[in-house]
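First the structure, in the form of structure tokens, and then the observations on it.
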Amino acid sequence: QKEVEQDPGPLSVPEGAIVSLNCTYSNSAFQYFMWYRQYSRKGPELLMYTYSSGNKEDGRFTAQVDKSSKYISLFIRDSQPSDSATYLCAMRKGAGNMLTFGGGTRLMVKP
Amino acid sequence: EAGVAQSPRYKIIEKRQSVAFWCNPISGHATLYWYQQILGQGPKLLIQFQNNGVVDDSQLPKDRFSAERLKGVDSTLKIQPAKLEDSAVYLCASSLEAPGEQYFGPGTRLTVT
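Chains A and B, in that order, give the protein sequences.
According to this note's numbering, the first sequence is numbered sequentially starting from 22.
According to this note's numbering, the second sequence is numbered sequentially starting from 21.
Below is the structure:
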């Protein structure tokens, strides 16, 4: 069993839809949670960063962490075709520990 | 500000051949990472440097992979000899310090035939 699981998709939604992307993890030691966006043939770029449980909002993006369920989510409001990409969750146990990535979910937003 | 530079962008080699990848991090970034991303999977850390010292190489297959960052700036990752299962995108990332936001380069796509 992988430490971090993500549904690979693809997830196809119409423009303007609310998108929900999720990750589950097995190791309760993870404390820092991140979401990266990766366009085709590009490197990942950091979208959201949260520590421990709770919500964080940045523009159209909201990250949620539920440590009791070992479940994290990324919501995208008013999705745009430019949001079409692969979304990777990542997490680390401590401030200095290495990142463990999920496999990524491919999102397609259709005009 | 220039981003992380990597070369080559694409490389095709036959199994048992050797290959080297180059990375130039963002100026001033002390921490440099090499990741392997197999198609359909998330990046996996191979090695982390702090300046020119190795911080973590626990997931580096040391029998065939090697990496160096001699002057604490540029870095090279080498595979010798390559296997079919080494086909992947090799990503370089850098951060001002560890931990810190990691900025990724575009990657080198390696195909081993």
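All C-beta atoms, glycine included, are put in the ideal place defined by N, C-alpha and C.
Isoleucine 93 of chain A versus glycine 115 of chain A: straight-line alpha-carbon distance, rounded: Position 72 of the first sequence holds residue 93 of chain A. Position 94 of the first sequence holds residue 115 of chain A. Roughly 17 Å between the two C-alpha positions.
Segment contact flag, the segment 98–110 of chain B with the segment 105–119 of chain A, C-beta cutoff 8 Å, min 3 pairs: They do not touch, by the three-pair rule.
Residues, ordered as in the chain, of the segment 61–74 of chain A that lie near chain B by beta-carbon distance below 9 Å: Residues Arg62, Lys63, Gly64, Pro65, Glu66, Leu67, Tyr70.
Pair within 8 Å by beta-carbon distance, methionine 86 of chain A and serine 105 of chain A: Residue 86 of chain A sits at position 65 when you count from the first residue of the first sequence. Residue 105 of chain A sits at position 84 when you count from the first residue of the first sequence. Checking the displayed sequence, the identity of residue 86 of chain A turns out to be valine instead of methionine. If you check the CB distance, valine 86 of chain A and serine 105 of chain A do not come in under 8 Å.
From B:Val132, B:Cys112, B:Leu52, residue whose alpha carbon lies closest to that of glycine 73 of chain B: What you label residue 73 of chain B is simply residue 53 of the second sequence in a count that begins at 1. Looking at the Cα atoms, B:Leu52 is the closest of the given residues.
Alpha-carbon to alpha-carbon, serine 33 of chain A and asparagine 48 of chain A: Numbered from 1 along the first sequence, position 27 holds the residue referred to as residue 48 of chain A. Numbered from 1 along the first sequence, position 12 holds the residue referred to as residue 33 of chain A. Here the alpha carbons of serine 33 of chain A and asparagine 48 of chain A stand approximately 30 Å from one another.
CB of glutamine 56 of chain B within 8 Å of CB of alanine 108 of chain B, strictly: Locating residue 56 of chain B in the second sequence gives position 36, counting from the first residue. Locating residue 108 of chain B in the second sequence gives position 88, counting from the first residue. With contacts defined as CB atoms closer than 8 Å, glutamine 56 of chain B and alanine 108 of chain B qualify as a contacting pair.
Three-way DSSP call (helix, strand, coil) for serine 89 of chain A in this model: Your numbering for residue 89 of chain A matches position 68 in the first sequence. In the structure shown, serine 89 of chain A falls within a coil segment according to DSSP collapsed to helix, strand and coil.
As assigned by DSSP and simplified to three states, the class of proline 101 of chain B: Here residue 101 of chain B refers to the residue found at position 81 of the second sequence. Coil at proline 101 of chain B, not helix or strand.
Cβ of proline 29 of chain A within 8 Å of any chain B Cβ: Within the first sequence, residue 29 of chain A is the residue found at index 8, counting from 1. Interface residue (Cβ-Cβ distance to chain B less than 8 Å): proline 29 of chain A is classified as such.
Residue of A:Leu67, A:Met55, A:Ser61, A:Gly64 minimising C-alpha distance to asparagine 76 of chain A: Residue 76 of chain A sits at position 55 when you count from the first residue of the first sequence. If you compare the alpha carbons of A:Leu67, A:Met55, A:Ser61, A:Gly64 with that of asparagine 76 of chain A, the shortest gap goes to A:Met55.
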